[in-house]
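See below for the structure under consideration.
Chains as they are written, first to last, in UniProt numbering: chain P, 1 to 489; chain W, 1 to 443.
Right under this line is the structure:
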């Protein structure tokens, strides 16, 4: 199963093709000679369909995925992806419609978009939702652009700072910088909340807003979220909610009720559109009424029985061509409609139940970063008593040998040797017990035979990979000579 | 409890006991009590069979390009997709995996991305391609931002008006907080040469598209020379199918090249998900945003793949990162990889020829109709502008009634062209489809 599969370029032989194509069947027009390419497409292979299918099937078998096992990657919400979603997104009337078709020819697609906007608004306590952003980071970008536009529109033009707690995802500070803001980091207090004293010291007339993930990346619900929002609002700033961890609070609390003005949703996390090896995602955004005029467009509205699109009056503009990742809307819509309100609440309850179950079973071996009830993920530390040479990375790699995808490691960066575990609601108790047993076994091995951990993984398709060489001498496209040189080293 | 949950009532009781709480609700005591457990006013839950029916009902309200013959392009194209593409995409080893943070058990995703990078470099004749952006428009905007950082103090962007209008929109959204000037496209009738003439020693980048939004192919070699002489970078937006035949960014000497990868085996899907192909020269490699996969060896000396040059990225550099882009379009890049492999050099050339030949056949036939005029006669790929005797909206409505999805109405973006329609012909449009279109237009 793990057999080495050569790069596809090595399967190529002149004269082969992997697709059956028709003849043009029309009188020929001469090609403009001076505009033709000069290389006969030399960089492309020539392979049969049979060989292409075998190649990609074989490399697929060198991948771990949710359908093969537990994938407790913290902050990524790797839950089971329902299979009906894949059929739904491929219905002809969804997969094969053009984004620029006249509105009257795509009423079903617009209706689905409209209903999903309203459903997401209801779940989160916002007034308007726009589905255009393609990923969480682009949703953040939309939010901070909206904050900028709002302040400037009111003539409030000295606000050039965005506050980010030090536990924030790297996308938060990167987003603020992309919009031209200075990033001001806020400390975390001893209970894992935003440090109110530090916040009070740093907030002020230059604050455009604060970006908060809640529950935060320490797996904790910020106990002072109301107070944080109050402090930021009193200074004239706005509250941005990073929805990466929304899976913990469906039907538990609406972010719009606890002081957030704007938030993004990760449809691929919370609403089970598959992660696809890195994407596509959808970073839909929601906001309070007073910011709705600045949202990106288009947004779908219902007027006299017809679904129509419009771009808000003071919009920050469009963030991608066309409408957004519609295929993701279909999947998220299907998920929510099949669960209903009670089902959504059950999702969060089980996600939180599972994380706390792991916490209480592991925190006496792997120190828990903050000893509190956690939300849907728990942050432990890879510091095993009596095993000074073992690090979080070794523990992660050893988990692979036990058949688990490792948790998120070394994030959040504010916790030393962090291991961030997010089991999600779709894991069974049986799987979690097996995971706990593996973690206990690894802790035991760390003391008895640390070399076992340093050498891990041993059962994966490849052994530990040399990332330093890859970065020092990057080979980023197929180059037979360069690859041979690397292998003969 | 839903069918996605795998925990029984008695297991739940055991787990609660282990945690030391009586009820799940107790786990939420950090949430403000007065706001806890709000009512959600949502439609009642549906069983799978009921949901499937509802989805079929909604989808059947749309006119799809399987049941209609489609002549609409304008940045999203109806190309043939071999069945093998979706069959492989539906392998859950690919679609239910995430970003390959643990390379030892993500070699499938990593190898696919490495092959994607290689294939895109081959297609574009460029040195390096990343693991993809959200779409063509965002790739272009990020390319412009990269050019600003690479040229240091230059803060002017010049863009030709024949670049896709929505791409230019995204460029403005992306740069609105950065204190840059964007010019060149104020007059929609301006030529590439007119726009290029605005490039000066303040200019970071000149952005040009070929084939452009109106379908026209440009010889960009002299343009590149002019831009480079001014010390600016050239960003070329192009179309992957056109590259089966026509001048590549590498031939031209472009510094950055981007394109919408959707034509490479990705369904129209009402605008997304698509994939933004992003490439640049070796010199700019370390300024490029997004994920990159490189080759390395493992402990046994075996070939393997890893995410590399990650220090450019937001999870390490935070506010100093080159961009906030975190996810890539992994599955869509995989579709493009499989499609491009299936076609290979012969197939891609053939698809490009089919598009070219059928589009030119259609253009000649429409040009012969009374009241219709084709604006570009020579150097266009698979799209062309037709000046019509009546408003385009009226014509597309009449076409729809005959089972045809007509072209794009240019009156809003390019009002100087009058009643103009952008018609796209791909290998999916048979001679019969084209003859029918011509008959309805002439009727």
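Think of the CB as a built atom: it goes at the ideal place given N, C-alpha and C, for glycine as much as any other residue.
It should be emphasised that the depicted structure is a prediction, and the values quoted were computed from it without experimental measurement.
(message) Considering Cα atoms alone, identify which of 52(W), 395(W), 425(W) and 128(W) is closest to residue 254(W).
(response) Stepping through the second chain from its first residue, residue 254(W) is reached at position 254. Residue 254(W) has its Cα closest to that of 128(W), out of 52(W), 395(W), 425(W) and 128(W).
(message) Under 9 Å, CB to CB, which of the residues in the stretch 314 to 336 of chain W have a partner in chain P?
(response) 314, 315, 316, 317, 318, 319, 320, 321, 322, 323, 324, 325, 326, 327, 328, 329, 330, 331, 332, 333 and 334
(message) Give me the residue from 30(P), 15(P) and 24(P) with the minimum Cα distance to residue 379(W).
(response) Here the question's residue 379(W) lines up with position 379 in the second chain. The residue with the shortest Cα to Cα distance from residue 379(W) is 30(P).
(request) Enumerate in chain order the residues of its own chain whose CB-to-CB distance from residue 453(W) is below 8 Å, with the five nearest sequence positions on each side excluded. (result) Here chain W comprises residues numbered 1 to 443, so residue 453(W) is not present and cannot be evaluated.
(message) Can you confirm whether the stretch 210 to 228 of chain P touches the stretch 98 to 106 of chain P when touching is taken to mean that 3 or more C-beta pairs between the two stretches lie within less than 8 Å?
(response) no
(request) Under 9 Å between beta-carbons, which chain W residues line up against residue 255(P)? List them in chain order, please. (result) Numbered from its first residue, the first chain carries residue 255(P) at position 255. Chain W residues near residue 255(P): none, gap ~10 Å exceeds 9 Å.
(request) Mind checking which residues open and close the alpha helix (DSSP H) that includes residue 12(P)? (result) Position 12 of the first chain holds residue 12(P). Careful: residue 12(P) lies outside any alpha helix (DSSP H) and carries neither H nor E.
(message) The beta strand (DSSP E) that contains residue 552(P), what's its start and end?
(response) With chain P covering 1 to 489 only, the question about residue 552(P) has no answer from this structure.
(message) Any beta carbon from chain W within less than 8 Å of residue 60(P)'s own beta carbon?
(response) On the first chain, residue 60(P) is found 60 positions in, with the first residue counted as 1. Residue 60(P) counts as touching chain W.
(message) Quick check: what's the CA-CA separation for residue 435(W) versus residue 362(W)?
(response) Mapped onto the second chain, residue 435(W) falls at position 435. Mapped onto the second chain, residue 362(W) falls at position 362. For residue 435(W) and residue 362(W), the distance between alpha carbons rounds to 8 Å.
(request) Could you check which residue in 433(P), 263(P) and 439(P) has the C-alpha nearest to that of residue 7(W)? (result) Counting from 1 along the second chain, the entry for residue 7(W) is found at position 7. Comparing Cα positions, the closest option is 433(P).
(message) When you compare the CB positions of residue 292(W) and residue 131(W), do they come within less than 8 Å of one another, or not?
(response) Numbered from its first residue, the second chain carries residue 292(W) at position 292. Numbered from its first residue, the second chain carries residue 131(W) at position 131. Closer than 8 Å, so yes.
(request) Can you grab the Cα-Cα spacing for the pair residue 40(P) / residue 46(P), in whole Å? (result) Working through the first chain from its first residue, we reach residue 40(P) at position 40. Working through the first chain from its first residue, we reach residue 46(P) at position 46. Rounded to whole angstroms, residue 40(P) to residue 46(P) spans 12 Å at the Cα level.
(message) Is there a Cβ of chain W sitting closer than 8 Å to that of residue 1(P), yes or no?
(response) Working through the first chain from its first residue, we reach residue 1(P) at position 1. With a pLDDT of only 47 at residue 1(P), under 50, the local geometry of the prediction cannot be trusted, and no value is derived from it.
(message) Counting C-beta neighbours from all protein chains within 10 Å, is the total for residue 53(W) 16 or more, i.e. buried, or is it exposed?
(response) Residue mapping note: residue 53(W) aligns to position 53 of the second chain, counting from 1. Result: exposed.
(message) Please state the DSSP three-state secondary structure of residue 87(P).
(response) Indexing the first chain from 1 puts residue 87(P) at position 87. Looking at residue 87(P) - three-state DSSP - the assignment turns out to be helix.
(message) Give me, in chain order, the residues of the same chain whose beta-carbon lies closer than 6 Å to that of residue 10(P); leave out the 5 immediate sequence neighbours on both sides.
(response) In the first chain, the residue the question calls residue 10(P) occupies position 10. Once the five neighbours on either side are set aside, residue 10(P) has no close Cβ partner at all.
(request) For the beta strand (DSSP E) containing residue 306(P), list its first residue and its last residue. (result) Along the first chain, one-based indexing puts residue 306(P) at 306. Taken as a continuous stretch (DSSP letters only), the beta strand (DSSP E) holding residue 306(P) covers 306 to 310.
(message) Could you check whether the stretch 278 to 297 of chain W touches the stretch 329 to 342 of chain P, counting it as contact only if at least three pairs of C-beta atoms, one from each stretch, sit closer than 8 Å?
(response) no
(request) Taking only beta-carbon positions, decide if residue 312(P) is within less than 8 Å of chain W. (result) Here residue 312(P) refers to the residue found at position 312 when the first chain is read from its first residue. So, not an interface residue.
(request) Go ahead and label residue 4(P) buried or exposed: buried means 16 or more other beta carbons lie within 10 angstroms of its beta carbon, across all protein chains shown. (result) By one-based count along the first chain, residue 4(P) stands at place 4. Exposed.
(request) Starting from the beta carbon of residue 78(W), find every residue of chain P whose beta carbon is closer than 9 Å, and list them in chain order. (result) To locate residue 78(W), count along the second chain from 1; it is residue 78. Within chain P, the residues near residue 78(W) are 96 and 98.
(message) Give me the chain W residues within the contact set of residue 356(P), using Cβ-Cβ distance strictly less than 7 Å, ordered along the chain.
(response) On the first chain, position 356 is the one that residue 356(P) refers to. Per Cβ cutoff of 7 Å: 19 and 27.
(message) So, at 6 Å on beta carbons, what are the nonlocal neighbours of residue 470(P) in its own chain, with the 5 sequence-adjacent residues on each side left out?
(response) Locating residue 470(P) in the first chain gives position 470, counting from the first residue. The answer is none, since no qualifying residue turns up.
(request) Return the Cβ separation of residue 203(W) and residue 230(W) in integer angstroms, given the expectation that the two are a contact with Cβ distance under 8 Å. (result) By one-based count along the second chain, residue 203(W) stands at place 203. By one-based count along the second chain, residue 230(W) stands at place 230. Yes, they are in contact, since the Cβ atoms of residue 203(W) and residue 230(W) sit about 6 Å apart, within 8 Å.
(request) Please compile the residues from chain C whose C-beta is within a distance smaller than 7 Å of the C-beta of residue 289(P). (result) Going by chain labels, chain C is absent from the structure shown, which instead holds the protein chains P and W.
(request) Look at the alpha carbon of residue 280(P) and the alpha carbon of residue 371(W), and state the distance between them as a whole number of angstroms. (result) Residue mapping note: residue 280(P) aligns to position 280 of the first chain, counting from 1. Residue mapping note: residue 371(W) aligns to position 371 of the second chain, counting from 1. Distance between the alpha carbons of residue 280(P) and residue 371(W): 45 Å.
(message) Does the CB of residue 353(W) have a neighbour CB from chain P at under 8 Å?
(response) Position 353 of the second chain, counting from 1, holds the residue named residue 353(W). Chain P, which has a Cβ nearer than 8 Å to the Cβ of residue 353(W), makes this yes.
(message) Just to confirm the assignment, what range does the alpha helix (DSSP H) spanning residue 208(P) have?
(response) Within the first chain, the letter at position 208 stands for residue 208(P). Looking at the DSSP string, residue 208(P) is not in any alpha helix (DSSP H); the run it does join, the beta strand (DSSP E), is 207 to 213.
(request) Determine the chain W residues that contact residue 466(P) at a beta-carbon separation under 9 Å, and present them in chain order. (result) Start at 1 with the first residue of the first chain, and residue 466(P) comes out as number 466. Near residue 466(P) (Cβ distances below 9 Å), the residues of chain W are 296, 297, 298, 299, 304 and 306.
(request) Check the Cβ of residue 193(W) against every Cβ in chain P and list those closer than 8 Å, keeping chain order. (result) Residue 193(W) sits at position 193 when you count from the first residue of the second chain. Near residue 193(W) there are no residues of chain P at all, since even the closest Cβ is about 16 Å away, more than 8 Å.
(request) Out of 11(W), 250(W), 101(W) and 220(W), point me to the one whose CA is closest to residue 34(P)'s CA. (result) One-based indexing of the first chain puts residue 34(P) at position 34. Put simply, of 11(W), 250(W), 101(W) and 220(W) the residue whose alpha carbon is nearest the alpha carbon of residue 34(P) is 220(W).
(message) Here's the rule I'm using: 16 or more other beta-carbon atoms within 10 Å means buried, otherwise exposed. How should residue 37(W) be labelled?
(response) As a position in the second chain, residue 37(W) is number 37, starting the count at 1. Counting Cβ neighbours within 10 Å, residue 37(W) comes out exposed, since fewer than 16 surround it.
(request) Taking all protein chains shown into account, decide if residue 56(P) is buried (16 or more other Cβ within 10 angstroms of its Cβ) or exposed. (result) Sequence index remark: in the first chain, residue 56(P) carries index 56 (1-based). By the neighbour-count rule (16 or more Cβ atoms within 10 Å), residue 56(P) is buried.
(message) With a threshold of 7 Å on Cβ separation, who are the neighbours of residue 468(P) within its own chain once the five nearest residues in sequence on each side are excluded?
(response) Taking the first residue of the first chain as 1, we reach residue 468(P) at position 468. Counting only Cβ-Cβ distances below 7 Å, and skipping sequence neighbours, we find nothing.
(message) Per DSSP, what are the beta-bridge partners of residue 387(W) in this structure?
(response) Looking up residue 387(W) in the second chain gives position 387. Answer is 373(W) and 420(W).
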